[in-house]
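Okay, so here's the structure we're looking at.
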Amino acid sequence: MVEYRLFAGDVPHVSTAAFHADRERAPHLEQATHRPRLEAAARLIQDAAERLPCEDRTVSDLGCGDGGLLSLLWNVGLHYWGYDFQPSNRAGWEERGVRAFALDVFGADRAAVTLGSISVCTEVLEHLADPHDAVRWIGGHSRFLVASSPWNESPESHDECHAWAWDHDGYRALIEQGGYTVLRHETVGQFQIILGEKQ
Numbered sequence: 489m490v491e492y493r494l495f496a497g498d499v500p501h502v503s504t505a506a507f508h509a510d511r512e513r514a515p516h517l518e519q520a521t522h523r524p525r526l527e528a529a530a531r532l533i534q535d536a537a538e539r540l541p542c543e544d545r546t547v548s549d550l551g552c553g554d555g556g557l558l559s560l561l562w563n564v565g566l567h568y569w570g571y572d573f574q575p576s577n578r579a580g581w582e583e584r585g586v587r588a589f590a591l592d593v594f595g596a597d598r599a600a601v602t603l604g605s606i607s608v609c610t611e612v613l614e615h616l617a618d619p620h621d622a623v624r625w626i627g628g629h630s631r632f633l634v635a636s637s638p639w640n641e642s643p644e645s646h647d648e649c650h651a652w653a654w655d656h657d658g659y660r661a662l663i664e665q666g667g668y669t670v671l672r673h674e675t676v677g678q679f680q681i682i683l684g685e686k687q
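Right, here's the structure in full:
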């Protein structure tokens, strides 16, 4: 089991609103590297939804970027919304016709966030100062968690925007310490994707 902390100090700069303030929009749905993992995440969300009564089929995307994943959910009978604090991503919400809010989910605005029965953290946890606390917080509100992060990063080779890295066992442990039982754990290219259910 491997988990790497890739920053010094208490708060990695890559986790802050200041770092993301001037970043360009990343249209992951249109990128060949990212589209397969977004499609896989959408399937796991649908799998989770099928385990819920219709009235509880709510999805909160806690780092929705420009809304690519949310746009894949329009025809599967879900009530869904997202959050992101990178200003450039707002343009995508309108273009894709998705409902999202500009909030710092894991920072100053946490109290204003509404979590669904299914919460989503695709390519989010590796950017945070404390992903362990984030998963526990989500576990206090959401029955299901769909999460993805790279599986192949290390201190010697990682995206400079990432504060954490995990192998498969390390990522599973991260999700399980939040009280989730892992139902599915898949590899899609350089990404690992988990569906967890709160027990």
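In the numbering used here, the protein residues as written are 489 to 687.
The beta-carbon is built from N, C-alpha and C at its ideal position, and this holds for glycine as well.
- Among Ser630, Ile681 and Glu527, which has the Cα closest to the Cα of Trp639? For Trp639, the closest alpha carbon among the candidates Ser630, Ile681 and Glu527 is that of Ile681.
- Query: Just curious, the alpha helix (DSSP H) that Leu591 is in, first and last residue?
  - Reply: DSSP places Leu591 in no alpha helix (DSSP H); its state is neither H nor E.
- Query: Mind pulling the beta strand (DSSP E) runs of 3 or more residues that sit fully within the stretch 555-613?
  - Reply: DSSP assignment within the stretch 555-613 yields the following whole beta strand (DSSP E) runs of 3 residues or more, N-terminal first: 567-571 and 606-610.
- Query: Mind checking whether the beta-carbon of Asp510 lies closer than 8 angstroms to any heavy atom of the ligand FAD?
  - Reply: For the ligand FAD, the structure offers nothing, since it holds no ligand at all.
- Beta-bridge partners of Gly684, as assigned by DSSP: Partner(s): Leu633 and Val670.
- Task: For Val688, I'd like the list of residues in its chain whose CB is within less than 6 angstroms of its CB, leaving aside the five on either flank, ordered along the chain.
- Result: In the structure displayed, the chain extends from 489 to 687; residue 688 sits before or after that span and is not available.
- According to DSSP, residues forming a beta bridge with His638: The sequence shown places Pro at residue 638, not His. The partner list for Pro638 (beta bridge, DSSP) reads Phe679.
- Span of the alpha helix (DSSP H) holding Asp498? Note, Asp498: premise wrong, no alpha helix (DSSP H); not H, not E.
- My understanding is that Leu613 touches Leu671, with C-beta atoms under 8 angstroms, so please give their C-beta distance in whole angstroms. About 18 angstroms; that fails the 8 angstroms criterion.
- Task: Go to Glu664, then tell me how far its alpha helix (DSSP H) extends in each direction, as first and last residue.
- Result: Under the DSSP assignment, Glu664 falls in the alpha helix (DSSP H) whose first and last residues are His656 to Glu664.
- Query: Can you give the beta carbon distance from Ser636 to Arg513, rounded, assuming they're within the 8 angstroms contact cut?
  - Reply: The Cβ separation is near 19 angstroms, so there is no contact.
- Run through DSSP, which three-state label would Arg545 get? DSSP places Arg545 outside both helix and strand once states are collapsed to three, so it counts as coil.
- Message: Taking 9 angstroms as the threshold (C-beta atoms), are Trp569 and Arg587 in contact?
- Response: Between Arg587 and Trp569, the gap from beta carbon to beta carbon is short of 9 angstroms.
- Query: Are Asp544 and Leu557 touching if we call contact CB-CB under 9 angstroms?
  - Reply: Contact flag unset, no.
- Query: So Val741 and Ala529 are in contact, right, with Cβ under 8 angstroms, and what is the actual spacing, rounded?
  - Reply: The requested residue 741 does not occur in the structure, where the chain is confined to residues 489 to 687.
- Message: The beta strand (DSSP E) that contains Glu491, what's its start and end?
- Response: Unbroken beta strand (DSSP E) run through Glu491: Glu491 to Arg493.
- What residues are listed by DSSP as bridge partners for Ala653? Its beta-bridge partners are Tyr492.
- Message: Among the candidates Glu644, Trp652, Ala579 and Arg631, whose CA atom is the shortest distance from the CA of Pro541?
- Response: In this structure, Arg631 is the residue among Glu644, Trp652, Ala579 and Arg631 with its C-alpha nearest to the C-alpha of Pro541.
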